[in-house]
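Asks: A single structure is presented below for examination.
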Amino acid sequence: MKIIKRDGSKVDFEIEKIKRAIAKAFISVDSSISDEKLDSIAQKIRDTIKKKFPKDHTVTVEEVQDLVELGLIDENYYREVKSFILYRAKHNMDRKVIYDFKEYIDDKDLMEIIAKVQREFDSQRYPIESLYFKFESFTKPDMNEKQILDAIIRAASELTSKEAPDWEIIAARFLAYKMNLEIKEYEERYELYDFKSKIKFLTEKGLYGSYMLENYTSDQIDELEAYLDHKRDDIFTYSGLDLVRKRYLIRSHDGHLIENIQEMFMGIAMHLAIPEKDKIGFAKRLYDILSSLKATMATPTMTNARKPFNQLSSCFIETVPDTLKGIYRSITNFAEVSKHGGGMGMYFGKVRASGSDIRGFEGVAGGVIRWIRLANDTAVAVDQLGVRQGAVAVYLDIWHKDMPEFLGLRTNNGDDRMKAHDVFPGVCVPDLFWREVRDNMEGDWHMFDPHEVEKKYGKAIEDTYGEEFEEFYHKLVADKDISRRIMPIKDMVRLLIKSWSETGTPFIFNRDLVNKANPNKHAGMIYSSNLCTEIAQNMSPSETISQEIVTENGEKVIVNKTRPGDFVECNLASLTLGKLDVNNDQELEETVRTVVRALDNVIDLNYYPTPYAQVTNKKYRAIGLGTSGYHHMLVKNDISWSDEEKHAALADRVYEDINYYAIKESVEIAKEKESYEVFEGSDWQNGNYFTDRNYTSERWQNLAKEVRENGLRNGYLMAVAPTGSTSIISGTSAGVDPIMSRYFLEEKKGAIVPRVAPGLTTKTFWLYENAHDIDQNISMRMAGVRQRHMDQAQSVNIYITTEYTMRQILNIYITAWESGVKSIYYVRGKSLEVEECDTCSA
C-alpha cells in the first residue's frame, strides 16, 4: 500500500504512524490505551482502506486522518477524538502559516529554521502563528532579505515572556543564522574554505597571534576543526548571542564579522592549551566546557586569547607608597593597565593625611583626596581606545584621618574640589570597628595620620591586623602626643549609610577576616581588594632603589632600579553552576580541574602591561576560580533562596567540592611543573589552611598530605567575580547574587527586548525570589557559608529598598562581618543605578 503526502509524493503506508497518532491523542488528555486496543483500531482503519476504496485509488494523508476520527468515535473515545481533531486543526494552521511565511521568504535555509522551531518547541506555548503575526506587523513593502531576517529576529525576541521564555532561544537561532550569513559572505570573498585557511588569513591580517600557527600543525588544526559542534549555537539566548556578536567575536579591520561562535571557543581553547604536552586533547576538553557554556573565561581572556595582543587578565591591585615618585609610579601603572583594558584597585592607606608634614614642615601635606582625584582623571583620560573610560577602585582604612572626606567623594553635597565621581571608593575595616558599632554605638572613633604614626613608632599601623592592630590602635588613642580626628561612631556610620544610599559605595573590605584566612601570611599582608572586591592577595609597594647614569654605545643612559612589590594581577574564570549538574561528581570534577589548568596556563601565556605584575604573578601564580548561575542552581535543585537550611546545605557541599577539586588539580600541576615560589612556610604547606577550615574528613586529610609532599602550583585559587557579561552569555544568573527580577524589559537600539530568569517555568516561577524581596541577612549568612571554602573573597551585593532604615542597613553589614564575609560590593537600591565592573566579569 502507498499513501500520498501533502506535498504530492507517494510513500509506503506505515501502520505504526497511525498508532503513534492515536497514542498521542490519548496522552494529550491524560488517558491510556492498551497495545491490543491500539492494534485493533489501526488494523480496522487499514482494512477499511482496502475494502471501501477503489483498488486503483491511492489514499491520502487527509483521508487516513478522517478514518482515525471515525475509528475513535466508533469506540466511544470522545475526549480523545476531540483532541485529535484539535491536533489536526492546529497542524493545518501551522502548515498554512509556513505557506504564509513563504510569501515573504525565498531563503530555503531560513524556512528550514522556522520549520525546525515548529517541530522542536511546544506548539501550545510557542505557536508558529504567533511568530508570523508578530513578524507581519513589522513588514513593509519592498523589504530586502536582510530587513526580513531582522524582522523575524525582532518578532521572536519581543514574544519572549515569563509564560513563554524560550522565544529568547528561538530569536537567538535566527540571529545566529544572520551572523553566519555575514561570515559566509566574507569567507567567499577571501576564499576561506576551512578553519586552517581562516587562521592563516587572520594571522596575516594581524587579527590572530602568530603563536597559533607556530604551535599547531596543519593536521592538528584539521582535527580540531572536525571537532567543532555547530549545533551548540542553538543553546544561546538572544541576549547572550548578541553580546558575543558585539564584543567577543573577531571582526575585520573594516568591521565585518569574520569569526563564528564555535571558532571563537576553539581559538580560545587552542591558545590556552599551548603549554600542555597533549595540546589537542586538552583543547578538546576545554572547548567542550566553553562551548557548552559550563564555564566561562573572564572577559579579557575571551576577548584577547588567540589575538596578537594577548592581555588575558582582569584584575590588578597596586599599593600606593607615601612618596611623590612612588605615587606617580602607581598612577603610571594604572594608566598602563587601563590602556590595555584592565580594571584596578589602588590602596591609598599609606599616603599621609591632609595637614601632615612634608620634610618636617608641619601642616603642608594635601592628603589622599588630591591624589585620588589624579587617579580619577587618569581613568577618564586613558579611555581604552575610546571604548570606555578606565575603571579604578580606591581603598582607604577607616582609621585614616582623611576618611570623612573620602566618604564624600561621590556624594552630592560639599566642595567639588573634594569630589572624584569616576572612582569607586572602598573602605578597609578592622574587626574592632564593627565590634564598636555593634556594642558601643555611643562611643568615639579615632582617626590617625599613617605618616605621623610610623615616624614616631617606627612601625606602620596599616601593617598590622587582628590583635596586634587593636593593641596599636589603643596605644595611639592613649598617646596624647599623637594628633587625631575624633568622630562619634554613630556619625561615622551616618556618613557610610549616606554614601551607600546615594552612590551604592563604598565597597567594604574586612581586612582582619581577610588576613587571618590568608594562606600566604608568611610572605606578606593584604591591605585591600580590586575593582570588584573578590581578590585578596598579598600586596606591598614598589620601592625605587637607585637612579644612575651609565654609558651605553657612547651615549649617556639613565637607569632606574626599582625593587618590585607585590603588584597583584589575577586571572579569572567562572563555573556556570546553572548549566552544570552539581550533583554529578564526575562532571563537576572534570570541569573544575580543566578550568584550573587553563587558568594556570594563562599565567605563562599572558602579556603583562607592567613588569611589576609579571614578577608578582610568577611569584604566587594566583588564579581566581569563581562561579556564576548560583541562583539558577538553587532553583534547579528545587530550593528557594529563603529556605535557609536547604540553601546552606547545598552551598556548603557544592563549594567544598569545588575547592577540593581545584586544590587537587593544583597539586597535580605542581607535580609536573613545580610549586609557586613561596609555597614553603605557607598555610598550604604547614596544613593550617585545612585545619582552620575544619577540613577533617579522610579525603581532606589525604589531600592535605598530598599538598605537603608534592606542593601546590597556585598560591591563591578561588575568587568569585560578579560575572556581569559572561553570565548573560551563559544564559544564567550573575555571580552569587539573586536575580533582580523574574521578568524585565531591556532596551537595545530602540527595540524593547524582554528578558526572563534562566530556566523559568511554571514550577520555577515561584521558587525564584527577586533580590529586593529577600531578607538580606539570609544572603549574608549564605555568603558566610560559601566563604569558608574560598581562600580569597566574593563579589556580594546588598539589595535594599526605600523602606530600609539606617539600623536595618547597618545590621546587614554586621551580619556579614559576623558570618565571616570578607568583602561587600555594591548596595543596590531599586532605583539606584550602579556601574558594574565588566573587566572582572568572569
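Following my numbering, the numbering of the sequence shown begins with 397 at its first residue and continues without gaps. We put the CB at the ideal spot given by N, CA and C, even for glycine.
Around the C-beta of Leu482, are 16 or more other C-beta atoms found within 10 angstroms, so that it is buried, or is it exposed?
Replies: Label assigned to Leu482: exposed.
Asks: Count the C-beta pairs between the region 1024–1033 and the region 950–962 that are closer than 8 Å, then say yes if the count reaches three, no if not.
Replies: As far as the Cβ criterion goes, the region 1024–1033 does not touch the region 950–962, which means the pair count is below three.
Asks: In angstroms with no decimal places, state the Cα-to-Cα distance between Asn956 and Ser1227.
Replies: Answer to the nearest angstrom: the Cα atoms are 50 Å apart.
Asks: Kindly list the residues whose CB is nearer than 6 Å to the CB of Thr454, restricted to its own chain and excluding five residues on each side of it in sequence; keep chain order.
Replies: Cβ neighbours of Thr454 beyond the five flanking positions: Lys398, Ile400.
Asks: Could you check which residue in Lys530, Pro902, Leu828, Ser405 has the C-alpha nearest to that of Glu867?
Replies: Per the Cα distances, Leu828.
Asks: Which parts of the region 582–636 are runs of the alpha helix (DSSP H), unbroken and 4 residues or longer, counting only runs that do not cross its ends?
Replies: 591–600, 607–611, 614–623, all fully within the region 582–636.
Asks: Among Ser942, Thr1122, Gly1077, which one has its Cα closest to the Cα of Arg1104?
Replies: Minimum Cα distance to Arg1104 is reached at Gly1077.
Asks: Could you say which of Asp502, Lys601, Ser897, Glu659 lies nearest to Ala622 if we only look at CA atoms?
Replies: If we check each option's Cα against that of Ala622, Glu659 comes out closest.
Asks: Less than 9 Å between the beta carbons of Met575 and Leu645, yes or no?
Replies: Against a cut-off of 9 Å, the Cβ pair of Leu645 and Met575 comes out as a contact.
Asks: From Asp562 to Ile509, what does the alpha carbon distance come to, in whole angstroms?
Replies: If you take the alpha carbons of Asp562 and Ile509, they lie about 15 Å apart.
Asks: Would Ala874 be called buried (16 or more neighbouring beta carbons within 10 Å of its own) or exposed?
Replies: Classification for Ala874: exposed.
Asks: What whole-angstrom Cβ distance do Leu1250 and Ala665 have, given they're in contact under 8 Å?
Replies: A question about residue 1250 goes unanswered here, because the residues of the chain that appear run from 397 up to 1238.
Asks: Could you tell me the distance, in whole angstroms, from the CA atom of Glu1041 to the CA atom of Ser557?
Replies: Rounded to whole angstroms, Glu1041 to Ser557 spans 32 Å at the Cα level.
Asks: In the DSSP output, which residue or residues are listed as bridge partners for Glu948?
Replies: Glu948 is bridged to Glu951.
Asks: Would Thr728 be called buried (16 or more neighbouring beta carbons within 10 Å of its own) or exposed?
Replies: By the 10 Å Cβ count, Thr728 comes out exposed.
Asks: Ignoring anything shorter than 4 residues, give me the alpha helix (DSSP H) runs that lie fully in the region 965–1050, in order along the chain.
Replies: Fully enclosed alpha helix (DSSP H) runs of 4 or longer: 981–1001, 1007–1016, 1026–1032.
Asks: Looking at C-alpha atoms only, which residue of Tyr1057, Tyr923, Ala691 is the closest neighbour of Ser1121?
Replies: Selected option, being the one with the closest Cα: Ala691.
Asks: Buried or exposed: where does Gly677 fall if 16 or more other Cβ atoms within 10 Å of its Cβ makes it buried?
Replies: Exposed, by the Cβ-count rule.
Asks: Sorted by chain position, which residues of the same chain lie with C-beta nearer than 6 Å to Ile365's C-beta, five sequence neighbours on each side aside?
Replies: Nothing about residue 365 can be read from this structure; the chain reaches only from 397 to 1238.
Asks: Thinking C-beta only, is Ser925 closer than 9 Å to Ala932?
Replies: Taking 9 Å as the Cβ cut-off, Ala932 and Ser925 qualify as a contacting pair.
Asks: Relative to the alpha-carbon of Asp684, which residue among Asp625, His667, Gly651 has its alpha-carbon at the smallest distance?
Replies: Per the Cα distances, Asp625.
Asks: Do Gln439 and Ile411 come within 9 Å of each other at the CB atom, strictly closer than that value?
Replies: Yes, these two residues count as a Cβ contact at 9 Å.
Asks: Out of His736, Asn1013, Glu1064, Trp1096, which one is the CA nearest neighbour of Asp1053?
Replies: Asp1053 has its Cα closest to that of Trp1096, out of His736, Asn1013, Glu1064, Trp1096.
Asks: Check the C-beta distance from Val744 over to Leu803 and give it rounded, since I have them as a contact under 8 Å.
Replies: This sequence places Phe at residue 744; Val is not what is there. With 8 Å as the limit, Phe744 and Leu803 do not qualify as a contact, their Cβ atoms being about 14 Å apart.
Asks: How big is the Cα-Cα spacing for Gly1111 and Lys1067?
Replies: Approximately 15 Å between the Cα atoms of the pair.
Asks: Please give me, in chain order, every unbroken run of the alpha helix (DSSP H) with length at least 4 that falls completely inside the region 1075–1113.
Replies: Those alpha helix (DSSP H) runs which fall completely within the region 1075–1113 and span 4+ residues are 1079–1082, 1084–1088, 1094–1106.
Asks: Specify, as a first and last residue, the run of the beta strand (DSSP E) that Asp840 falls within.
Replies: Asp840 -> beta strand (DSSP E) spans 840–843.
Asks: Going by DSSP, which residues form a beta bridge with Val407?
Replies: Answer is Ile399, bridged to Val407.
Asks: Spatial neighbours of Pro537 within its chain, please: C-beta separation below 7 Å, excluding the five flanking residues on both sides.
Replies: None.
Asks: So, under 8 Å CB-CB, Asp818 and Val776 are touching, yes? Tell me the CB distance rounded to an integer number of Å.
Replies: Going by Cβ atoms, the distance from Asp818 to Val776 rounds to 6 Å, so yes, they are a contact pair.
Asks: What runs of the alpha helix (DSSP H), each 4 residues or longer, lie entirely inside the region 841–886?
Replies: Entirely contained in the region 841–886, the alpha helix (DSSP H) runs reaching 4 residues are, in chain order, 846–853, 862–874.
Asks: Under DSSP, the beta strand (DSSP E) around Ala789 begins and ends at which residues?
Replies: Segment 788–793, the beta strand (DSSP E) holding Ala789.
Asks: Tell me, please, whether the region 1084–1100 touches the region 975–995 by the rule of three or more beta-carbon pairs shorter than 8 Å.
Replies: Taking 8 Å as the limit for Cβ pairs, the verdict is that the region 975–995 does not touch the region 1084–1100.
Asks: I'd like to confirm the pairing. Which residues does DSSP put opposite Ala394 in its beta bridges?
Replies: Since the first and last residues shown for the chain are 397 and 1238, residue 394 lies out of range.
Asks: Going by beta carbon distance, what residues of the same chain come within less than 6 Å of Asn914, once the five residues before and after it are set aside?
Replies: Counting only Cβ-Cβ distances below 6 Å, and skipping sequence neighbours, we find Ile922.
Asks: With DSSP collapsed to three states, give me the class of Met1136.
Replies: Met1136 falls in the coil class under three-state DSSP.
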